[in-house]
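In this note's numbering, the protein residues as written are 2 to 107. Notes to accompany the following structure.
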C-alpha cells in the first residue's frame with residue numbers, strides 16, 4: 002500500500018488550479034474544480050506526453066500535442082486520438098491539506 006502524499010494546502014490549490022507531483026511510479030496531476038478535487042496520471046495514453054500543458058474545459062483536460070480530451074473525474078478518454086483511459090487516484094482532505102496516493106498496487 003502506498004502512502005498518502007501531501008499535494009498542497011487547500012489555500013494553495015484554488016478552484017481552477019492544478020498541481021503536479023512526481024512520485025517514483027507516476028506524475029500525478031491534482032485538480033481543484035469548483036472545490037472538488039480529482040487526481041489523474043499526467044500522461045496522455047495516445048503518445049505518453051504530459052496532459053497538464055494543455056487547457057481545461059469544465060472537467061475535461063485537453064492534451065496539448067494532439068487535442069485528445071480526458072475527463073479528470075474518471076480518467077476516461079473522450080476523443081481521439083486517445084482511446085485508453087489515464088489512471089485516476091484517490092484524493093483526501095486532511096488538516097486543511099490535499100493528499101493523493103498511487104493505489105494501483107493495493
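Think of the CB as a built atom: it goes at the ideal place given N, C-alpha and C, for glycine as much as any other residue.
Closest to residue i by CA distance: which of the options is it?
i: residue 80; options: 92, 74, 47, 103; result: 47
i: residue 23; options: 72, 106, 6, 88; result: 6
i: residue 27; options: 45, 38, 37, 15; result: 45
i: residue 67; options: 73, 56, 75; result: 56
Within its chain, find whatever has a CB closer than 6 Å to the CB of residue i; leave out the 5 residues flanking it on each side and keep chain order.
i: residue 70; result: 61, 63, 79, 80
Report buried or exposed for residue i, applying the criterion of at least 16 other Cβ atoms within 10 angstroms of its Cβ.
i: residue 103; result: buried
i: residue 4; result: exposed
Is it the case that the Cβ atoms of residue i and residue j are separated by a distance below 8 Å?
i: residue 41; j: residue 89; result: yes
Can you list, in chain order, the residues of its chain whose CB lies under 7 Å from that of residue i, leaving out five sequence neighbours each side?
i: residue 74; result: 39, 60
Practice task
Indicate whether the contact test is met: 3 or more Cβ pairs, each with one atom in the stretch 42 to 52 and one in the stretch 91 to 99, closer than 8 Å.
Solution key: no
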